[in-house]
Amino acid sequence: MTETNRTRSHVGCWFTMLLLTVALVGSLAMNAGLLVGRALTGWKPVEEQAEDESPSFEETWSWGEGEVKAVRIPLQGALFRYVSDGGFFTARIDPIESILRQIRAAQNDEAVTAIILEVSSPGGDMTSSDEIYQAVRDFKQSVPGRRVVAHIQDLAASGAYYAILPADWIVAEPTAMMGSIGVIMQTLNWKTLSEKLGVTDTTIKSGLHKDLLNPFQEVSAEQRAFLQELVDEAYTRFFDAVVADRSIEAERLREVADGRVFGVEVARQYNLIDQVGYWSDVVAHLPAMCAEESVKIVRYEHKLSFSDWLASMRAPLHLPRWMKSDAPRVMYLWRP
């Protein structure tokens, strides 16, 4: 080995050791900081503070004034459960759990008389949509006289529309779309392609249908039949909820409950919304709905303590959502 190569080798070793030392010191510092942060912020074990049962948020004054409050809660984007990767100054948040926690926080606040659901969503999976639906109903029933307003900004399709059905008043902006009352289950099948490429599948299973929707196998007529039964059952749940919550005749609803989306005029014709309007209409109408002279509108912000910030930095990395392979699921989702 030449002198130059020895020098390069030694430099590389020292550089590697330096990086490892910096990483070790950084890790120790973050963990020490986490302990200090927990001490300074009064952190307690989860079982002592019941954060999920009684979640707390930073409250921001948004609009109006009054003794009672209404909380703005956004339903934005596809309604699926997942944990965002977080990063510096951001917490790791499941968007569905975030919505549910905000509704729960509003429900626990005696000064809150209404929630305003601000909707811009194509829907999502059936369970997430149904969880929001039930949480909205629970809020309404928690105290007599509590109200729910749904403000459709540009889209309330499928599961997003299902989730807001318990609302006392649904107002949609003139350019909004809604509907897509229906259910979808999709997956890819590459059996023919795999045969052309010479790729085979080996599956060891305990029952005939354990590998249902295996992309390397064709779906049999029997399998299609009981998958259709699942979809039909989910559709019936959706359909019946619209009939009950919007007081519409079942036969009349069937005219448009075929998965299509529609604009505000059709929606109003079938009593699927109450008014065409803007945020200003929501603000103007809210006090009368709540039987109050005035209402203070607030929104919730996620609190990010020093310990939360440190925890977000030390959280493990995850693949982006688009790189993950999700199993087929029953969805209340509009996919244009």
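Numbering follows the working numbering, in which position 335 of the sequence shown is assigned residue number 353; successive positions increment by one, without gaps.
Ideal Cβ placement from N, Cα and C applies to all residues, glycine included.
Predicted, not measured: the structure shown is a model, and the values here were computed from it.
The C-beta of Lys228 has fewer than 16 other C-beta atoms within 10 Å across all chains shown, which makes the residue exposed. Per DSSP, reduced to three states, the secondary structure at Lys158 is helical.
Contact between the segment 122 to 131 and the segment 175 to 195 is absent: fewer than three C-beta pairs spanning the two stretches fall below 8 Å. A residue is called buried when at least 16 other Cβ atoms come within 10 angstroms of its Cβ; Pro92 meets this threshold and is buried. DSSP, read as helix, strand or coil, puts Ser80 in strand. Boundaries cannot be given for Tyr296, as no beta strand (DSSP E) includes it and DSSP labels it neither H nor E. Bounds of any beta strand (DSSP E) do not take in Pro113; it lies within the alpha helix (DSSP H) bounded by 113 to 126.
Between the alpha carbons of Leu118 and Ala168 lies a gap of roughly 15 Å. Restricting attention to Gly197, Val261, Gly141, the CA atom closest to the CA of Pro113 is found in Gly141. Remark: C-beta atoms of Ser146 and Arg90 do not approach each other more closely than 8 Å.
Closest by C-alpha distance to Ser198, out of Ile150, Ala132, Glu273, Glu83, is Glu273. DSSP lists Val89, Val166 as the beta-bridge partner residues of Ile133. Within the segment 223 to 297, complete alpha helix (DSSP H) segments of at least 4 residues are found at 239 to 263, 268 to 271, 282 to 287, given in chain order. DSSP lists Met349 as the bridge partner or partners of Asp143.
Nearest to Lys87 by C-alpha distance, out of Met349, Ile134, Ala68, is Ile134. Cβ neighbours of Glu77 within its own chain (closer than 7 Å, five residues either side excluded): Val316, Tyr318. Taking all protein chains shown into account, Glu83 has fewer than 16 neighbouring C-beta atoms within 10 Å of its C-beta and is therefore exposed. For Glu251, the closest C-alpha among the options Val137, Trp79, Met203, Gly295 is that of Met203. In the DSSP assignment, Glu191 falls outside any alpha helix (DSSP H), carrying neither H nor E. Taking one beta carbon from each stretch, the segment 232 to 239 and the segment 278 to 292 have fewer than 3 pairs nearer than 8 Å; the two do not touch.
In the DSSP assignment, Val316 is bridged to Trp79, Val89. Nearest to Lys209 by C-alpha distance, out of Ser176, Leu248, Pro233, Pro192, is Pro233.
In this structure, Leu231 sits away from Thr254, with a CB-CB distance that is not shorter than 8 Å.
By the CB criterion at 8 Å, Val279 and Met144 fall outside the cutoff. Residue nearest to Pro73 within the set Lys214, Lys314, Arg164, His320 is His320 (criterion: CA-CA distance). Per DSSP, Tyr180 is one residue of the alpha helix (DSSP H) stretching across 177 to 181.
For a cut-off of 8 Å, the C-beta gap from Arg270 to Tyr296 is around 28 Å, too long to register as a contact. Around the Cβ of Glu267, a 10 Å sphere holds fewer than 16 other Cβ atoms; the residue is exposed. With at least 16 other beta carbons inside 10 angstroms of its own, Arg165 counts as buried. Judged by DSSP secondary structure, Ser212 falls within the alpha helix (DSSP H) whose first and last residues are 209 to 215. Our two residues, Glu310 and Arg242, have alpha carbons roughly 54 Å apart in a direct line.
Each of Asp219, Leu290, Glu115 was checked against the Cα of Phe257, and the nearest Cα belongs to Leu290. Ile121 sits close to Ala153, with the two beta carbons spaced by under 8 Å. A straight line joining the alpha-carbon of Ser224 with that of Asp156 spans about 41 Å. Sixteen is the threshold: since fewer than 16 other Cβ atoms of the shown chains lie within 10 Å of the Cβ of Ala262, the residue is exposed.
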